[in-house]
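Worksheet for the structure shown next.
Numbering (the UniProt record's numbering), first residue to last: 1 to 162.
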């Protein structure tokens, strides 16, 4: 997991979820708590990319190149553009998206403290698979207006249809 944190732009929650999803329970019981692992992964990433997340202007923020890919697969599923009044970025892989589509229940979590500046909120959608909660989509939102949430959910439903 540490190596993935160093060489990819994948979020620590994604790395953790993808690693533990198919592990036997015996292995899971021996792991440190999820938050400790994610903190370690964030520290690994910060050591390699100390200036990441320091964009102050959403009008100039472009997610492209290696930051939009994971193992040559598109990670950026949606960006409503630099001209959008309420900027929304949706990240996830096709595999994670399929897990979301196949799931009966989605668990939604909005977090304000973990959102990188200048975003206001990091929104995570998880599903349960094999008694493990798997993060499937990560959404960065510029604000928390009703129209932002409506746009986010509409976008997610459209992505799931495709």
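The beta carbon of each residue, even a glycine, is placed where N, CA and C say it ideally should be.
Hey, residue i and residue j: beta-carbon distance below 9 Å or not?
{"i": "residue 25", "j": "residue 131", "result": "yes"}
{"i": "residue 128", "j": "residue 103", "result": "yes"}
{"i": "residue 108", "j": "residue 91", "result": "no"}
{"i": "residue 82", "j": "residue 61", "result": "yes"}
{"i": "residue 116", "j": "residue 57", "result": "no"}
{"i": "residue 142", "j": "residue 87", "result": "yes"}
Take the Cβ of residue i as the centre, count every other Cβ of all protein chains shown within 10 Å, and call the residue buried at 16 or more, exposed below.
{"i": "residue 101", "result": "exposed"}
{"i": "residue 32", "result": "exposed"}
{"i": "residue 70", "result": "buried"}
{"i": "residue 126", "result": "buried"}
{"i": "residue 13", "result": "buried"}
{"i": "residue 148", "result": "buried"}
Looking at the unbroken beta strand (DSSP E) that takes in residue i, where does it start and where does it end?
{"i": "residue 135", "result": "132-141"}
{"i": "residue 121", "result": "121-129"}
Among the candidates the options, whose CA atom is the shortest distance from the CA of residue i?
{"i": "residue 9", "options": "18, 82, 39, 45", "result": "45"}
{"i": "residue 133", "options": "19, 6, 4", "result": "19"}
{"i": "residue 17", "options": "145, 147, 95", "result": "95"}
{"i": "residue 98", "options": "135, 143, 6", "result": "135"}
{"i": "residue 162", "options": "144, 15, 77", "result": "77"}
Compute the Euclidean distance between the alpha carbons of residue i and residue j, then round it to the nearest angstrom.
{"i": "residue 121", "j": "residue 138", "result": "10 Å"}
{"i": "residue 89", "j": "residue 39", "result": "23 Å"}
{"i": "residue 4", "j": "residue 150", "result": "33 Å"}
{"i": "residue 146", "j": "residue 105", "result": "23 Å"}
{"i": "residue 160", "j": "residue 7", "result": "28 Å"}
{"i": "residue 140", "j": "residue 28", "result": "29 Å"}
Considering residue i, what are the terminal residues of the alpha helix (DSSP H) in which it resides?
{"i": "residue 16", "result": "12-20"}
{"i": "residue 101", "result": "94-102"}
{"i": "residue 61", "result": "Segment: none, residue 61 is in no alpha helix (DSSP H) and carries neither H nor E."}
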